[in-house]
Each structure stands twice: as C-alpha cells, then as structure tokens.
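Here is the structure we will look at.
Number of protein chains: 2
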Amino acid sequence: MQLFEIFRKYLQEKVELTDAQLDLIRSTSKERKIAKREFYLREGEISGHNTFVVKGLLRLYRIDEDGNEHIMRFAPENWWISDRESYNTGEPSKFIIDALEKSEVLIWTKEDSEFVYGEIPAFRAFGEGLFVESFIAYHNRIYNSISSTAEEKYKNFVKTYPDIFNRVPLHMVASYLGVTRETLSRVRRHFTLK
Amino acid sequence: MQLFEIFRKYLQEKVELTDAQLDLIRSTSKERKIAKREFYLREGEISGHNTFVVKGLLRLYRIDEDGNEHIMRFAPENWWISDRESYNTGEPSKFIIDALEKSEVLIWTKEDSEFVYGEIPAFRAFGEGLFVESFIAYHNRIYNSISSTAEEKYKNFVKTYPDIFNRVPLHMVASYLGVTRETLSRVRRHFTLK
Numbered sequence: 012m013q014l015f016e017i018f019r020k021y022l023q024e025k026v027e028l029t030d031a032q033l034d035l036i037r038s039t040s041k042e043r044k045i046a047k048r049e050f051y052l053r054e055g056e057i058s059g060h061n062t063f064v065v066k067g068l069l070r071l072y073r074i075d076e077d078g079n080e081h082i083m084r085f086a087p088e089n090w091w092i093s094d095r096e097s098y099n100t101g102e103p104s105k106f107i108i109d110a111l112e113k114s115e116v117l118i119w120t121k122e123d124s125e126f127v128y129g130e131i132p133a134f135r136a137f138g139e140g141l142f143v144e145s146f147i148a149y150h151n152r153i154y155n156s157i158s159s160t161a162e163e164k165y166k167n168f169v170k171t172y173p174d175i176f177n178r179v180p181l182h183m184v185a186s187y188l189g190v191t192r193e194t195l196s197r198v199r200r201h202f203t204l205k
Numbered sequence: 012m013q014l015f016e017i018f019r020k021y022l023q024e025k026v027e028l029t030d031a032q033l034d035l036i037r038s039t040s041k042e043r044k045i046a047k048r049e050f051y052l053r054e055g056e057i058s059g060h061n062t063f064v065v066k067g068l069l070r071l072y073r074i075d076e077d078g079n080e081h082i083m084r085f086a087p088e089n090w091w092i093s094d095r096e097s098y099n100t101g102e103p104s105k106f107i108i109d110a111l112e113k114s115e116v117l118i119w120t121k122e123d124s125e126f127v128y129g130e131i132p133a134f135r136a137f138g139e140g141l142f143v144e145s146f147i148a149y150h151n152r153i154y155n156s157i158s159s160t161a162e163e164k165y166k167n168f169v170k171t172y173p174d175i176f177n178r179v180p181l182h183m184v185a186s187y188l189g190v191t192r193e194t195l196s197r198v199r200r201h202f203t204l205k
C-alpha cells in the first residue's frame, strides 16, 4: 500500500474529510525514507516539519554535557514526531531525531501545514487535538516521574508503547524512563516471575 | 489596585488590544477570593475555568493511593492554573487545586473563554501561545527529570520559581521535584555553602 493510503486510513478514523480535502492534504505531503541509524533532525537544525511515521521507528533524544543520551519519545507507526519547541519558535533544536529501524514517513512543512489548516478547519481542529493529547501525556508522565516507583514507570511504559520493548535495546528504555539499566533489569525480572 | 487593572497591565505587555476588546475581556471575567488552605478544585470536579492568579499562591497536586501528595505546579502571581486534561475533556479531575496563601484570582468559564477567543483573534493567539509555552516547559521538565541530578533539578526549580522557596515548606518543593526531603536538604546545604 502506498504511504498516503495508510495515512488516509489513519486519518479517516479520526476526522471526517471530503475527497477534495484529502487530495489537498496529499498534494502538500512529501514521502521520505530514512535508513536505520540515519539522522532525521540534527542538533542545531530547525525542526520545521510535521512528520507522521508510516513505517518503522524514530526517536527524539538529547545528549547531555557528559555525552549521555536521554530519550524523550519513541515514534513507531502512526505516531507524529517533531521537536515542538524548535518548530514553534523557529530556533535551532537542542534535540536529535534518528531512525532506530528503516523508516518511511510523510512530512509537511510548517508553511504547508498552516496553509492546509487554513483551508480545512476540521483538519486544524484535529491537529490542535493531537497537541492537547501530547500535553496531557506529558502531564501524566511528569506525574509518574515524581510519584511512581520504577515498577510503575515500567508498567506505564508498556501501556504507552506496547511493542517497543521488543524493538529497542534495554538501555534505551532505561534512558526514556530515567532509571539505570540495572534497575530496569531487576524490574523486568520481577514482572516476568509474577 | 483593582484585580482587573493588574491583569490589564500583565496583558498589555503581551498583546495589543483595543479598549473595547479589554472591556469585553473584563466583562466576562469574575473575581474570586480564596482563603489559605481553601480548595479551589476538588478531586472529581470538572476544571471548567481559566484562572489567572492576581495575588497569592495556588498549587495543583494529586494524592496517590498511599495518601502521598505530589505537586505538579505552583501558581504564584501572574501565573495561570487549571487541570488542562479535565478542562479539555470535560471529565472529572484527578487533581486538586488549593491555596497555599490567601489568594485573589480572575476566572473565565470555558464557554466565556471560547466566546472571547472567537471575538478577539489576538487574544486567542495569546492563549494558544501560553499553551505552547506550557507544553515546552513540560518538555524541559521531563528532560530534566530523566537527565538531571538532584542538584540540577534544584537549580531549575529556582529558575522557574525564583521566590517560591521562601513561601512554601521544604517538603512541598521535594514533592514537586520528586526527591526526598533529606536529599533536598543536602542539596540546599551544598548550595548555601558554595
């Protein structure tokens, strides 16, 4: 199936659009393939696109002064990914996006996104709804980070990303959760034994 | 100075509005006083207002199954506060808002906010900008929570809320940071000695 056909299926479950509207959304999109380990956004570049993952797996992360990677999000199929701060402010990103698996994405420039939002109010409302959902997810993640044990963090991770555990190395999950690899191994053993 | 006059000053630094527009914003606002320790939003209620703190100090928090409080945000003067998830979904809130000091707030119902946004596009853009700023602040807080030491978390807290340390008990700052009181005491001594 072509990339846009997969996206169309995703979209039609979320918002009602006419064929003409879908054609406009399609005509402003671009397809892009990303090889495994290829950078999609480098530190210092501007995150100027809305990016929908059709196939594969991307991640958004940042490297601290000591060279440690800290993973902010994973984006498997049907997820969107960008550095929202850079996208909104137009400032260079402090984050990096790369592909953990060979991936295929659909992208819209900020300019085209704004144009399509202007033409299709229902699509704008959909985009705004996605943003609110991301905000609420962050809110919950902060609550978990200050209130939860490593066990609960692990459970929440599995709920958010049901199949990511089998697709990425353990140290990346530990990085996302902000716990050590040793703690995560202990927690997983605990759950496996139950 | 009347509450709305203080708000008007705040607003005029952020967005250009005509007198007629300011009158509309004023006419849809309501003033409310909140006593120290009074609940402004109880768990299970719907967070149906936009609330601007003119005087005093509020907090948004949640109580876990073991009865521990976890503070999500403080809202001193010139901050906004609501449970955004409940506000957007219309579902009962899992969070609580109360006053840590005697406070005075300006409030707009969701309905009135939408009406005013419809009438004044610049005010809508301002509101959306605030939401994006909150999102970016959450993004950075998550990055800090997974990447930072207790020392760095403390420094970030002081940057975000320069004077809150003198206004709330230590255990509330520890709750916000997701560290123990003992760790926070150690960190503070460290900074005081430097």
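Residue numbers (the numbering used here), protein chains in the order written: chain A, 12 to 205; chain B, 12 to 205. Virtual Cβ for every residue (Gly too), placed ideally from N, Cα, C.
Extent of the continuous beta strand (DSSP E) to which residue i belongs
{"i": "Lys164 of chain B", "result": "Premise fails: Lys164 of chain B lies in the alpha helix (DSSP H), Ala161 to Thr171, not in any beta strand (DSSP E)."}
{"i": "Arg43 of chain A", "result": "Lys41 to Ile45"}
{"i": "Phe176 of chain B", "result": "Phe176 of chain B -> no beta strand (DSSP E), and no H or E assigned at all."}
8 angstroms Cβ shell around residue i - same chain, five flanking residues per side excluded
{"i": "Gly55 of chain B", "result": "Pro103 and Ser104"}
{"i": "Thr160 of chain B", "result": "none"}
{"i": "Arg178 of chain B", "result": "Leu68, Pro87, Leu111 and Glu112"}
{"i": "Asp174 of chain A", "result": "Pro87"}
Under 8 angstroms between C-beta atoms of residue i and residue j
{"i": "Leu111 of chain A", "j": "Phe63 of chain A", "result": "no"}
{"i": "Met83 of chain A", "j": "Leu69 of chain A", "result": "no"}
{"i": "Gly67 of chain B", "j": "Lys121 of chain B", "result": "no"}
{"i": "Val65 of chain A", "j": "Phe137 of chain A", "result": "no"}
{"i": "Gly189 of chain A", "j": "Ser156 of chain A", "result": "yes"}
{"i": "Leu28 of chain B", "j": "Glu130 of chain B", "result": "no"}
{"i": "Ile57 of chain B", "j": "Arg152 of chain A", "result": "no"}
{"i": "Tyr149 of chain B", "j": "Phe146 of chain A", "result": "yes"}
{"i": "Phe134 of chain A", "j": "Val127 of chain A", "result": "yes"}
{"i": "Val184 of chain B", "j": "Phe168 of chain B", "result": "yes"}
{"i": "Leu22 of chain A", "j": "Glu42 of chain A", "result": "no"}
{"i": "His182 of chain A", "j": "Arg197 of chain A", "result": "no"}
{"i": "Trp119 of chain A", "j": "Thr39 of chain A", "result": "yes"}
{"i": "Leu195 of chain A", "j": "Tyr165 of chain A", "result": "yes"}
Same chain only: Cβ atoms within 7 angstroms of residue i, ignoring 5 sequence neighbours per side
{"i": "Glu88 of chain A", "result": "Val64, Val65 and Lys66"}
{"i": "Arg19 of chain A", "result": "Leu33"}
{"i": "His81 of chain B", "result": "Tyr72, Arg73, Asp75 and Ser186"}
{"i": "Ser211 of chain B", "result": "Outside the shown range of chain B, which is 12 to 205, sits residue 211 of chain B, and nothing can be said about it."}
{"i": "Gly101 of chain A", "result": "Ile57"}
{"i": "Glu49 of chain A", "result": "Asp109 and Ala110"}
Opening and closing residue of the alpha helix (DSSP H) in which residue i lies
{"i": "Ile36 of chain B", "result": "Asp30 to Ser38"}
{"i": "Phe18 of chain B", "result": "Leu14 to Gln23"}
{"i": "Leu188 of chain A", "result": "Leu181 to Leu188"}
Counterpart residues of residue i in DSSP-defined beta bridges
{"i": "His60 of chain A", "result": "A:Thr120"}
{"i": "Ile74 of chain B", "result": "B:Glu80"}
{"i": "Leu69 of chain B", "result": "B:Ala86 and B:Ala110"}
{"i": "Leu52 of chain B", "result": "B:Ile108"}
Own chain partners of residue i with C-beta closer than 6 angstroms, once the 5 adjacent residues on each side are dropped
{"i": "Ile45 of chain B", "result": "Tyr51, Ala110 and Ser114"}
{"i": "Trp91 of chain A", "result": "Phe63"}
{"i": "Arg37 of chain A", "result": "Phe15"}
{"i": "Ile17 of chain B", "result": "Val65"}
Whole alpha helix (DSSP H) elements within the stretch 84-151 of chain A, 4-residue minimum: The stretch 84-151 of chain A contains these whole alpha helix (DSSP H) runs: 95-100 and 121-130.
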